[in-house]
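Structure first, then comments.
Number of protein chains: 2
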Amino acid sequence: MPKIFLPRSDIEFVEEGKGLAPKFDKHGLIPAVVTDNKTNELLMHGYMNKEALELTIKEGIAHYWSRSRKKLWKKGATSGMTQIVKDIFIDDDQDAIWIKVEVQGLGASCHVGYRSCFYRSIQSHNGKISLKFEEKTKVFDPEEVYSGSENPTQL
Amino acid sequence: MPKIFLPRSDIEFVEEGKGLAPKFDKHGLIPAVVTDNKTNELLMHGYMNKEALELTIKEGIAHYWSRSRKKLWKKGATSGMTQIVKDIFIDDDQDAIWIKVEVQGLGASCHVGYRSCFYRSIQSHNGKISLKFEEKTKVFDPEEVYSGSENPTQL
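As they're listed, the protein sequences go chains U and Y.
By the working numbering, the letter at position 147 of the first sequence is numbered 819, and the numbering carries on one by one without gaps.
By the working numbering, the letter at position 9 of the second sequence is numbered 681, and the numbering carries on one by one without gaps.
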């Protein structure tokens, strides 16, 4: 694939220019924030390498780098819940991506079975901290959908 | 401060439990997605260390770790544009935070002067990639507000 990323020549170009010059970290990754195009809900936080970002831009389907599986990951390849990209943004210093997506299939983005990966809020009462489930029921049963696959969560 | 973070004992506890057991990376950081409580707009993508996350939870005001300045950063300390936290969420494997905030002062979150750090979209037409300014005017003049401070953007 031809190179679509420009050199980060100077700060003014990065912050105020019209050229795409993303910053990939030492592991070759850039974080990606994923929201629902219609509800604006935050669905997930992932990472892209150069190839994933290029595919996401060119094909309009979200691709990520799976840090646990250590491979390119076309979201929804197993579950059918692919993410169609409606808009892509980049931030001021070009080290974070935001994509607005329309989720296909059952419409969930979380491997645990919830619609959003952010299904729990953090509650603080009188110094006691706990998590509260904001999504009450799962959209799908991960054991059915991902049967035989390893859980990507790492401790 | 007493410890408020629990050990990441097993995957079920991390994914399905009610205990806060965030994963900080090798640099001691966890990414934080920041959206506007009313408009749901994505405002910024930052990082928190343990202290910043604890202060954010306990005080209800967003704190980050500034990777460029290498110090705890109470957002808005210079500009007055503090972020009042309305809700905090954590994701499935507890390695990303989402905060919904109400921005004080002039209501902007981007050091370049825009409301959101994500003021440019990525456009792709016939293989040509460019950035489009989605915010047309700055909310404030960064040279006035941050006079004498170093730009945090790094190449």
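In this text, a Cβ means the ideal position worked out from N, Cα and C, and glycines have one as well.
Being a predicted model, the structure only gives us computed values, none of them experimental.
*Return the bridge partner residues of residue 795 of chain U from the DSSP annotation.*
As a first step, residue 795 of chain U is located in the first sequence; it is residue number 123 there, counting from the start. Answer by DSSP bridge pairing, in chain order: U/802.
*asked:* Output needed for residue 723 of chain U: all residues of its chain with C-beta closer than 7 Å, excluding positions within five of it in sequence on either side, in chain order.
replied: Locating residue 723 of chain U in the first sequence gives position 51, where the first residue counts as 1. Taking residue 723 of chain U as the centre and dropping the five residues before and after it, the same chain places the C-beta of 744 closer than 7 Å to its C-beta, in chain order.
*Cβ of residue 753 of chain Y within 9 Å of any chain U Cβ*: Within the second sequence, the letter at position 81 stands for residue 753 of chain Y. By this cut-off, residue 753 of chain Y is not an interface position.
*N-terminal and C-terminal residue of the beta strand (DSSP E) that residue 696 of chain U is part of*: On the first sequence, position 24 is the one that residue 696 of chain U refers to. Run containing residue 696 of chain U: none; DSSP gives neither H nor E here.
*What's the C-alpha gap between residue 785 of chain Y and residue 775 of chain U?*
The count along the second sequence starts at 1 and reaches residue 785 of chain Y at position 113. The count along the first sequence starts at 1 and reaches residue 775 of chain U at position 103. Going by the C-alpha atoms only, they are around 33 Å apart.
_For residue 707 of chain Y, would you say it is in contact with chain U, using Cβ-to-Cβ distances shorter than 9 Å as the test?_
Taking the first residue of the second sequence as 1, we reach residue 707 of chain Y at position 35. Taking Cβ atoms only, chain U reaches closer than 9 Å to residue 707 of chain Y, which makes this a yes.
*asked:* Is it buried or exposed, residue 780 of chain Y, if we count other Cβ atoms within 10 angstroms and call 16 or more buried?
replied: As a position in the second sequence, residue 780 of chain Y is number 108, starting the count at 1. Classification for residue 780 of chain Y: buried.
_Terminal residues of the alpha helix (DSSP H) in which residue 729 of chain Y lies_ = Translated into the one-based positions of the second sequence, residue 729 of chain Y becomes position 57. 722–731 is the extent of the alpha helix (DSSP H) around residue 729 of chain Y.
*Taking only beta-carbon positions, decide if residue 812 of chain Y is within less than 9 Å of chain U.*
For the purposes of this step, residue 812 of chain Y is identified with residue 140 of the second sequence, where counting begins at 1. By this cut-off, residue 812 of chain Y is not an interface position.
*Within the 9 Å Cβ cut-off, does residue 787 of chain Y reach chain U?*
Locating residue 787 of chain Y in the second sequence gives position 115, where the first residue counts as 1. Chain U contact via Cβ: absent.
*What's the C-alpha gap between residue 715 of chain Y and residue 788 of chain Y?*
The residue given as residue 715 of chain Y occupies position 43 in the second sequence. The residue given as residue 788 of chain Y occupies position 116 in the second sequence. C-alpha separation (whole angstroms): 4 Å.
*Indicate the three-state DSSP secondary structure (helix, strand or coil) for residue 679 of chain U in the structure shown.*
Taking the first sequence and counting its residues from 1, the one referred to as residue 679 of chain U is at position 7. Residue 679 of chain U: coil per DSSP, three-state reduction.
*So which residues on chain Y does residue 773 of chain U lean against when the C-beta distance must stay under 7 Å?*
Position 101 of the first sequence holds residue 773 of chain U. Residues of chain Y passing the Cβ test: none, with the nearest at roughly 13 Å.
*asked:* Taking a contact to mean a Cβ-Cβ separation below 9 Å, would you say residue 757 of chain U touches residue 746 of chain U in this structure?
replied: For the purposes of this step, residue 757 of chain U is identified with residue 85 of the first sequence, where counting begins at 1. For the purposes of this step, residue 746 of chain U is identified with residue 74 of the first sequence, where counting begins at 1. Contact flag unset, no.
*In terms of residues, what are the limits of the alpha helix (DSSP H) holding residue 757 of chain U?*
Position 85 of the first sequence, counted from the first residue, corresponds to residue 757 of chain U. Where residue 757 of chain U is concerned, there is no enclosing alpha helix (DSSP H), although the beta strand (DSSP E) it sits in stretches over 755–762.
*From residue 761 of chain U to residue 721 of chain U, what distance separates their C-alpha atoms?*
Taking the first sequence and counting its residues from 1, the one referred to as residue 761 of chain U is at position 89. Taking the first sequence and counting its residues from 1, the one referred to as residue 721 of chain U is at position 49. The alpha-carbon atoms of residue 761 of chain U and residue 721 of chain U are separated by roughly 16 Å.
*Just by C-beta distance, which residues in the segment 729–752 of chain U are closer than 8 Å to chain Y?*
729, 730
*asked:* Determine, for residue 723 of chain Y, whether the minimum Cβ-Cβ distance to residues of chain U falls below 9 Å.
replied: Mapped onto the second sequence, residue 723 of chain Y falls at position 51. Judged by the 9 Å Cβ criterion, residue 723 of chain Y is not in contact with chain U.
*Exposed or buried, residue 766 of chain Y, counting other C-beta atoms within 10 Å across all chains shown (16 or more means buried)?*
Position 94 of the second sequence, counted from the start, is the residue given in the question as residue 766 of chain Y. Result: buried.
*Taking only beta-carbon positions, decide if residue 712 of chain Y is within less than 9 Å of chain U.*
One-based indexing of the second sequence puts residue 712 of chain Y at position 40. So yes, residue 712 of chain Y belongs to the interface.
_Here's a check: name, in chain order, each residue in its chain whose Cβ is nearer than 8 Å to the Cβ of residue 768 of chain U, leaving out the five neighbours to either side._
The sequence position of residue 768 of chain U within the first sequence is 96, counting from 1. So the list reads 702, 703, 704, 705, 762, once near-sequence residues are dropped.
*asked:* By alpha-carbon positions, which one of Y/697, Y/803, Y/727, Y/748 ends up nearest to residue 692 of chain U?
replied: Taking the first residue of the first sequence as 1, we reach residue 692 of chain U at position 20. The shortest Cα separation from residue 692 of chain U among Y/697, Y/803, Y/727, Y/748 belongs to Y/803.
*Short Cβ contact (9 Å threshold) for residue 820 of chain Y with residue 778 of chain Y*: Here residue 820 of chain Y is taken as the residue at index 148 of the second sequence, counted from 1. Here residue 778 of chain Y is taken as the residue at index 106 of the second sequence, counted from 1. No, the Cβ-Cβ distance between residue 820 of chain Y and residue 778 of chain Y is not below 9 Å.
_Buried or exposed for residue 805 of chain Y, going by 16 or more other Cβ atoms inside 10 Å?_
In the second sequence, the residue the question calls residue 805 of chain Y occupies position 133. Answer is exposed; the Cβ neighbour count stays below 16.
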